[in-house]
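K.L.:
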């Protein structure tokens, strides 16, 4: 594909050559990186506005509330012979104090390129995380922009607290073992997740056959060295917060068991 040049926005942070299987292109003032097989459908979606607006307008969209509203929709494209792919479209938004100050506006190139690079690195290291299908960056000025990220929708499941509440004793043991594997995978990848809380662990599957996915990977860095203790301590802080603030039945004994399991797998 031919790369078009935008005369005003500063896209320098976005301009690294895409990895194999991805293409980079402009759609008007919008800068896009997408899987090769998804690019034509992404162009079609952007003809209707932003990716977020396109997703919201779909008859079968599934609104998901979190930091703003994301939409689960079917992308009319897929790899190989697939004619459509279930995806989630999310508008990047600040959390914390910045959500009141800048909301969905970020310094260029926004978080989207980092999220793609991090997701690819984690997946390459064996860490389960949603596949980034595409992102689009919409300049607001030379220095600020909004961005949408489209990821492949995960298999049926729920975030960790919801699954934990419904699980029996054997199910909870399976969950602890699954999260221990995830902690081990993050450690082996040299990955430190600064916001590894229970809501950022998505559990797919049922009973003893579950797969944990790590979310919000734009908060992941790769500082080198052992990250196991830092990740566990961050997760333990979240466990205690959920127990104290929302009554989650996750005891200190269960937390200690998780620590032992994670050490065994390391």
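Residue numbers (the working numbering): 231 to 496. From the three backbone atoms N, C-alpha and C, an ideal C-beta is built for every residue, glycine too. Values in this document were obtained by computation on a predicted structure and should not be read as measured data.
Quick check on DSSP: helix, strand or coil for residue 343?
P.N.:
Taking the chain shown and counting its residues from 1, the one referred to as residue 343 is at position 113. Three-state DSSP puts residue 343 in a helix.
K.L.:
Can the beta-carbon of residue 366 be found less than 8 Å from the beta-carbon of residue 276?
P.N.:
Translated into positions along the chain shown, residue 366 becomes position 136. Translated into positions along the chain shown, residue 276 becomes position 46. A contact, by the Cβ cut-off of 8 Å.
K.L.:
Taking buried to mean at least 16 other C-beta atoms within 10 Å of its own C-beta, is residue 399 buried or exposed?
P.N.:
Within the chain shown, residue 399 is the residue found at index 169, counting from 1. Residue 399 should be labelled exposed.
K.L.:
Using only the alpha-carbon positions, how far apart do residue 389 and residue 432 sit?
P.N.:
Taking the chain shown and counting its residues from 1, the one referred to as residue 389 is at position 159. Taking the chain shown and counting its residues from 1, the one referred to as residue 432 is at position 202. About 4 Å.
K.L.:
List the endpoints of the continuous alpha helix (DSSP H) containing residue 458.
P.N.:
On the chain shown, residue 458 is found 228 positions in, with the first residue counted as 1. Start and end: 458–476.
K.L.:
Do the stretch 378–387 and the stretch 352–367 touch if we need at least three Cβ pairs shorter than 8 Å?
P.N.:
Because the criterion of three Cβ pairs below 8 Å is met, the stretch 378–387 and the stretch 352–367 touch.
K.L.:
Leaving out five residues on either side along the sequence, give the residues of the same chain with a beta carbon under 7 Å from the beta carbon of residue 386.
P.N.:
Here residue 386 is taken as the residue at index 156 of the chain shown, counted from 1. Taken in chain order, the residues that qualify are 434.
K.L.:
What three-state label does DSSP hand residue 423 in the structure shown?
P.N.:
Working through the chain shown from its first residue, we reach residue 423 at position 193. Here residue 423 sits in strand by DSSP.
K.L.:
State the beta-bridge partners of residue 366 as determined by DSSP.
P.N.:
Position 136 of the chain shown, counting from 1, holds the residue named residue 366. Paired residues: 262, 378.
K.L.:
For the alpha helix (DSSP H) containing residue 309, name the first residue and the last one.
P.N.:
Working through the chain shown from its first residue, we reach residue 309 at position 79. No alpha helix (DSSP H) holds residue 309; DSSP gives it neither H nor E.
K.L.:
Can you tell me the Cα-Cα spacing of residue 465 and residue 279, whole angstroms?
P.N.:
As a first step, residue 465 must be located in the chain shown, where it is residue number 235. As a first step, residue 279 must be located in the chain shown, where it is residue number 49. Rounded to the nearest angstrom, the two C-alpha atoms are 38 Å apart.
K.L.:
Have a look at residue 348 and residue 446 and give me their C-alpha separation to the nearest angstrom.
P.N.:
As a first step, residue 348 is located in the chain shown; it is residue number 118 there, counting from the start. As a first step, residue 446 is located in the chain shown; it is residue number 216 there, counting from the start. Computed Cα separation, rounded: 10 Å.
K.L.:
Under the criterion of a Cβ to heavy atom distance below 7 Å, does residue 340 qualify as lining the ligand SAH?
P.N.:
The ligand SAH is not part of this structure, which contains no ligands at all.
K.L.:
Would you tell me roughly how many angstroms separate the C-alpha atoms of residue 415 and residue 444, rounded to the nearest one?
P.N.:
Indexing the chain shown from 1 puts residue 415 at position 185. Indexing the chain shown from 1 puts residue 444 at position 214. The alpha-carbon atoms of residue 415 and residue 444 are separated by roughly 11 Å.
K.L.:
Taking the alpha carbon of residue 264 as the point to measure from, which residue in 286, 317, 296 has its own alpha carbon closest?
P.N.:
Counting from one through the chain shown, the residue named residue 264 turns up at place 34. Selected option, being the one with the closest Cα: 317.
K.L.:
Under the three-state reduction of DSSP, which class applies to residue 491: helix, strand or coil?
P.N.:
Translated into positions along the chain shown, residue 491 becomes position 261. Three-state DSSP puts residue 491 in a helix.
K.L.:
Helix, strand or coil: how does DSSP classify residue 236 here?
P.N.:
On the chain shown, position 6 is the one that residue 236 refers to. Per-residue confidence for residue 236 stands at a pLDDT of 36, beneath the threshold of 50, marking its modelled position as unreliable; the derived number appears in the next sentence. The answer is coil: DSSP assigns residue 236 none of H, G, I, E or B.
K.L.:
Measuring straight from C-alpha to C-alpha, what distance separates residue 254 and residue 269?
P.N.:
Walking along the chain shown from the start, residue 254 turns up at place 24. Walking along the chain shown from the start, residue 269 turns up at place 39. If I take the Cα positions, the gap works out to 9 Å.
K.L.:
How far does the alpha helix (DSSP H) with residue 393 in it reach, from first residue to last?
P.N.:
Mapped onto the chain shown, residue 393 falls at position 163. Unbroken alpha helix (DSSP H) run through residue 393: 390–396.
K.L.:
In the DSSP assignment, find the unbroken alpha helix (DSSP H) run with residue 415 in it and report its ends.
P.N.:
Residue 415 sits at position 185 when you count from the first residue of the chain shown. Residues 399–418.
K.L.:
For the alpha helix (DSSP H) that residue 273 lies in, which residues bound it at each end?
P.N.:
The sequence position of residue 273 within the chain shown is 43, counting from 1. Taken as a continuous stretch (DSSP letters only), the alpha helix (DSSP H) holding residue 273 covers 269–276.
K.L.:
Out of curiosity, what's the CA-to-CA distance linking residue 436 and residue 406?
P.N.:
Mapped onto the chain shown, residue 436 falls at position 206. Mapped onto the chain shown, residue 406 falls at position 176. One C-alpha to the other measures close to 13 Å.
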